[in-house]
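Read the structure below first, then the notes.
Residue numbers (this note's numbering): 1 to 123.
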């Protein structure tokens, strides 16, 4: 899984629009965007940046483009999680789970249930 450029919060918000609605023209993005709506050119520039970063592609319809996601939300989530684990937990998934237990974000019983599910899947 190759590393991709990180997204700004606004770029991630744009990607969430694509994941929720599928292929979109910039004017449709403007219509979907909450108030205060950014200028058409602002969103157009952001979408083109997403394309340069490898997150969206486009299909030409005359002089206008319809953009579509190339990276799925699931793939983005996996890459983001992997980056967090590398950056903040020294590549230790055990460290992540340990922290979740310490912070009481996950109970020991939940961990046992998860282990049982994993063992059942492997059988």
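C-beta atoms are modelled at their ideal positions from N, C-alpha and C, and glycine is treated no differently. Quick caveat, the model's predicted, so the values are computed rather than measured.
- Rounded to whole angstroms, residue 115 and residue 109 show a C-alpha spacing of 10 angstroms.
- Our two residues, residue 107 and residue 47, have alpha carbons roughly 41 angstroms apart in a direct line.
- Straight through space, the alpha carbons of residue 112 and residue 72 are spaced by roughly 30 angstroms.
- For residue 43, same chain residues with a beta-carbon under 8 angstroms away, outside a window of 5 residues either side, are 14, 26, 29, 30, 33 in chain order.
- Note on geometry: alpha-carbon atoms of residue 92 and residue 79 lie some 15 angstroms from one another.
- The three-state reading of DSSP puts residue 69 in strand, counting E and B together.
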